[in-house]
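Trainee: Residue numbers (our numbering): 2 to 296.
Note that CB positions come from ideal geometry on N, CA and C, so glycine has one too.
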Amino acid sequence: MMNEELIASRVLEIDGRRHRVYLAGTGAPPVVFEPAIGDVGLTWALVQAEVADTTSTFTHDRPGLGGSDPSASPRTVKVMVDELRAALDTADIAPPYVLVGHSFSSLTVQTFAHLHPERVRGIVLVDGAHEDQMDRFPPELTPRAMLASFAEQLRQLAEAGRRGEPLPELMPPPQPFPEALAGAYREATSPTPDRLETTAAEYDDLQESQQQLRALSGSSLGDIPIIALRHGIPQSMPGVSDEVNQRYEAAWQQMQDELAGRSNSGQVVVAEGAGHMIHHDRPELVAEAIRNLLQ
Numbered sequence: 002m003m004n005e006e007l008i009a010s011r012v013l014e015i016d017g018r019r020h021r022v023y024l025a026g027t028g029a030p031p032v033v034f035e036p037a038i039g040d041v042g043l044t045w046a047l048v049q050a051e052v053a054d055t056t057s058t059f060t061h062d063r064p065g066l067g068g069s070d071p072s073a074s075p076r077t078v079k080v081m082v083d084e085l086r087a088a089l090d091t092a093d094i095a096p097p098y099v100l101v102g103h104s105f106s107s108l109t110v111q112t113f114a115h116l117h118p119e120r121v122r123g124i125v126l127v128d129g130a131h132e133d134q135m136d137r138f139p140p141e142l143t144p145r146a147m148l149a150s151f152a153e154q155l156r157q158l159a160e161a162g163r164r165g166e167p168l169p170e171l172m173p174p175p176q177p178f179p180e181a182l183a184g185a186y187r188e189a190t191s192p193t194p195d196r197l198e199t200t201a202a203e204y205d206d207l208q209e210s211q212q213q214l215r216a217l218s219g220s221s222l223g224d225i226p227i228i229a230l231r232h233g234i235p236q237s238m239p240g241v242s243d244e245v246n247q248r249y250e251a252a253w254q255q256m257q258d259e260l261a262g263r264s265n266s267g268q269v270v271v272a273e274g275a276g277h278m279i280h281h282d283r284p285e286l287v288a289e290a291i292r293n294l295l296q
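The following block contains the structure:
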């Protein structure tokens, strides 16, 4: 694996705002990593470092997160697609791209492919979200109420931060990260009012983001290949029965099949030994899926 320290961090200026990007490797097609809700580009460091042995790679901190200035624009996937495209163009990363999205950012990379199919060579979804999952998860989980409550807690923490109160660490570095990378990740995700409010806004706008993709997903992605890499360790939600968790897992697996089925060249790959954070638990499996798609 390539040394993670060889990932270069740059700060671009886009529309008068600072936008942090992370680059490594050379070659084409570029592999573009998009972080999940509230996360930063460094979340992909282990995978990015390995893929950079094969081709060029790119990831970034979305506006308001990590080292990027906040934006007044809505935090919906269509806005995020425009921001990602602007960052790629400003960094001179030429298409077509292989897009890699984890969890929520599955919505973003699919939206990108629908809006700009000529710029997309392939897609890897890492335990990717489905736009209909809120309606298809067991109702006992009350997913909408849970996310709304979480967003409100983030806003309350942001207000406390603006009053000068100390804020708790909400995103500890992934356990596999080496010390230097863990320190950089901790700095990029340390809670500030702007970062907390941005994450809350991403949760607030999640239903609109799902609707934006839903309006596009009636059409197939055609010959753009998709690999849907799903967790191999069943994910249990706290506070509910085993039967509810079994229904939750069955719904998740069905939706992964559907995500892969949006391509004429789609497949599901099970990441054995990994939970939802596959890119942390088994980064080599994500890198392998990307290399398989490139081939």
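1) Note down the Cα distance separating V127 from V41, rounded to an integer number of angstroms.
2) How many Å lie between F113 and V241 at the Cα?
3) Suppose you measure from the CA of M3 to the CA of G184; what does that come to, to the nearest Å?
4) When we look at the beta-carbon of E273 and count the other beta-carbons within 10 Å, is it buried (16 or more) or exposed?
5) Looking at the strands, I want to know which residues DSSP matches up with S10.
6) Please classify H277: does DSSP put it in a helix, a strand, or coil?
7) So who's on the other strand from R18, going by DSSP bridges?
8) Please classify L286 as buried or exposed, where buried requires at least 16 other C-beta atoms within 10 Å of its C-beta.
9) Helix, strand or coil for F59? Go by DSSP, reduced to three states.
10) I'd like to confirm the pairing. Which residues does DSSP put opposite L217 in its beta bridges?
11) When the Cβ atoms of the region 86-106 are set against those of the region 51-66, are three or more pairs found closer than 8 Å?
12) Going by C-alpha distance, which of L230, E188 and E153 is nearest D205?
13) Could you tell me how far apart the beta carbons of V80 and L295 are, in whole angstroms, since I believe they sit closer than 8 Å?
14) Given this structure, state the Cα-to-Cα distance separating F178 from R283, to the nearest angstrom.
15) Tell me which same chain residues have a C-beta within less than 6 Å of the C-beta of P75, skipping the five on either side of it?
16) Assuming I8 contacts A46 under a Cβ cut-off of 8 Å, what Cβ separation, rounded to an integer in Å, is found between them?
17) Decide if I228 is buried, meaning its Cβ has at least 16 other Cβ atoms within 10 Å, or exposed.
18) Would you mind working out which of N246, P173 and P226 sits nearest E141, comparing C-alpha positions?
19) In whole angstroms, what is the alpha-carbon distance linking A216 and E170?
20) In angstroms with no decimal places, state the Cα-to-Cα distance between Q236 and E250.
Mentor: Let me spell this out:
1) 16 Å
2) 36 Å
3) Any answer about M3 is weak, because its pLDDT of 38 lies below 50 and its placement is not dependable; what the coordinates show is given next. Going from the Cα of M3 to the Cα of G184 covers about 19 Å.
4) exposed
5) Y23
6) coil
7) I15
8) buried
9) strand
10) Answer is none; L217 lacks a bridge partner.
11) yes
12) E153
13) With 8 Å as the limit, V80 and L295 do not qualify as a contact, their Cβ atoms being about 29 Å apart.
14) 12 Å
15) D206
16) 6 Å
17) buried
18) N246
19) 37 Å
20) 7 Å
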